[in-house]
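Have a look at the structure below before the remarks.
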Amino acid sequence: IGELVNKGMGSLLIERIVQTNLCSGCGACYAICPRDAIDMKISLDGAYRPFIDFSKCSFCRLCERVCSSPLSNQKIMINGLGSFVRCYVGYSTDATIRWKASSGGLITTILLSLLEEGVISGAVVVKDDPDDPLRPFMTLVKDKEEVKSAMGSKYCPVEPRFKVKDLIRERGKIAVVGLPCHIWAFRKLEEVVGKLKNKVLVHLGLFCGKSPNFYAITYFLRKVANVNERDVAHISYRGKGWPGKITVRTKQGNSLGFELSDWYNFSYYPYFIPIRCVLCHDITNQQADISLGDAWGLAHDKIGTSVVITRTSVGENVIQHLCNTRRLVLREVKPEQISQGQGLESKVRNSLFRAYIWQRVFRQPIPFTPSELPRISMRDWIFNLGYCTWLYIAQNRFMRTALCNLTPQISKILKLVGQKT
104 IGELVNKGMG SLLIERIVQT NLCSGCGACY AICPRDAIDM KISLDGAYRP
154 FIDFSKCSFC RLCERVCSSP LSNQKIMING LGSFVRCYVG YSTDATIRWK
204 ASSGGLITTI LLSLLEEGVI SGAVVVKDDP DDPLRPFMTL VKDKEEVKSA
254 MGSKYCPVEP RFKVKDLIRE RGKIAVVGLP CHIWAFRKLE EVVGKLKNKV
304 LVHLGLFCGK SPNFYAITYF LRKVANVNER DVAHISYRGK GWPGKITVRT
354 KQGNSLGFEL SDWYNFSYYP YFIPIRCVLC HDITNQQADI SLGDAWGLAH
404 DKIGTSVVIT RTSVGENVIQ HLCNTRRLVL REVKPEQISQ GQGLESKVRN
454 SLFRAYIWQR VFRQPIPFTP SELPRISMRD WIFNLGYCTW LYIAQNRFMR
504 TALCNLTPQI SKILKLVGQK T
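Numbering (the working numbering), first residue to last: 104 to 524.
Now the structure itself:
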């Protein structure tokens with residue numbers, strides 16, 4: 104493989120990234136492939152991965168050039184905020200959107216406003232698939248109703264269903280909404296395809312604390328909701344105020360409600376998280392024009408308020424315009440307040456230390472090389488070593504199945520240990 108890669112056969116490099124568990128599943132390679140030689144399919148780790156049809160591949164290396172998983176040249180900022188213009192907390196003035204959204208309703212309000220004013224003609228968002236309600240997908244939408252239908256968080260892998268060539272053909276500018284890996288993918292795509300860079304007006308980035316795989320939602324439905332996944336007509340992970348409720352609607356017409364804690368109690372165990380997510384330190388979407396997330400520690404209402412970080416002049420101008428037109432209510436806050444409320448410094452340090460352990464202890468590849476190891480307590484050292492050991496064991500599919508079945512017992516043990524410490 105190494106010899107072929109050196110000869111310029113970049114699609115084999117994509118396969119190597121997949122095989123070494125460094126693929127983020129962003130779909131940039133799928134979106135740019137001029138020969139439609141790449142399909143995104145669910146892999147054994149429960150997330151989307153590219154599969155290459157070499158009978159179609161021309162070895163053009165475009166997939167290699169847009170791959171966002173290796174980040175060897177990225178500057179890592181321990182405070183987790185990245186560069187920014189201003190920091191705010193606020194919410195949409197549309198009470199219905201605010202109540203139905205995950206927190207504050209800002210992204211939906213921004214997109215609707217830009218569409219209504221003709222500033223954009225469409226937006227790349229994540230929406231539900233009516234034919235497969237557990238597998239949302241990322242696509243271009245062009246009207247207000249589609250934007251509203253895409254409202255809310257999706258705590259599972261997302262399939263890309265857009266092609267760069269189709270986005271370029273779209274009349275007018277577009278907006279892009281995504282997790283850090285999606286925004287990184289678009290930035291790479293725009294570096295390679297200049298026409299796409301001119302097409303995208305604004306990147307709206309969601310905060311991310313890791314994206315669980317499909318094993319997590321299957322476990323939740325079977326063991327928590329007592330519903331077979333084939334009987335699910337729709338699932339909503341957030342909404343109905345803040346922090347929100349999980350709602351499962353069955354094909355039989357039943358509607359089941361759950362607390363968000365019912366999901367958080369287990370969904371971030373190592374066997375429910377892809378390796379690339381464990382190694383990711385970009386919690387606040389540092390490559391976006393505007394980053395948005397829950398206002399932990401900064402708001403205490405039960406309706407919904409968002410943290411807003413403007414990172415570019417484009418992002419700041421959009422936010423100020425919507426404030427001036429009274430579509431948003433915002434107040435400026437100090438960046439330290441966001442960092443403290445989100446626990447960013449601790450999260451970034453743990454991610455970097457896990458990468459160090461993953462490389463040095465388990466001899467596994469990582470997407471970047473930390474320039475220096477952050478200081479960490481002995482307690483966190485032990486915790487991260489245990490987490491990585493758990494993650495390593497879970498790569499065996501039989502062990503993953505066994506761990507999934509033992510989740511209730513594991514939760515009880517962890518709760519007991521937590522109480523004692």
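Virtual Cβ for every residue (Gly too), placed ideally from N, Cα, C.
With a beta-carbon spacing of about 6 angstroms, I386 and G312 fall inside the 8 angstroms limit used to define contacts. According to the DSSP assignment, S416 belongs to the alpha helix (DSSP H) that extends over S416 to N427. In the DSSP assignment, L270 falls within the alpha helix (DSSP H) that extends over V267 to R272. DSSP places T242 inside the beta strand (DSSP E), whose first and last residues are F240 to V244. A Cβ-Cβ contact shorter than 8 angstroms links G208 with S195.
DSSP, reduced to helix, strand and coil, places C166 within a helical segment of the structure shown. Contact between the stretch 259-271 and the stretch 296-314 is present: 3 or more CB-CB pairs across the two stretches fall below 8 angstroms. Taking all protein chains in view, the Cβ of Q512 is surrounded by fewer than 16 other Cβ atoms within 10 Å, so the residue is classified as exposed.
In this structure, I469 is the residue among K266, I469, P283 and V229 with its C-alpha nearest to the C-alpha of P173.
Of the candidates R138, F501 and I349, the residue whose Cα lies closest to the Cα of S158 is R138. When Cβ pairs closer than 8 angstroms are counted between the two stretches, the stretch 440-459 is seen to touch the stretch 378-385, the count reaching three or more.
Assignment of beta-bridge partners to K247 by DSSP yields no partner. G444 sits in a helix when the DSSP states are folded into three classes.
Below 8 angstroms, enough C-beta pairs join the stretch 224-238 and the stretch 337-357 to call them touching: three or more. Per DSSP, reduced to three states, the secondary structure at S195 is strand.
For V296, the three-state secondary structure derived from DSSP is coil. Rounded to the nearest whole angstrom, the CA to CA distance from C507 to I349 is 21 angstroms. K247 is a Cβ neighbour of L218, given a cutoff of 8 angstroms.
In the three-state scheme derived from DSSP, where H, G and I count as helix and E and B as strand, D397 is classed as strand.
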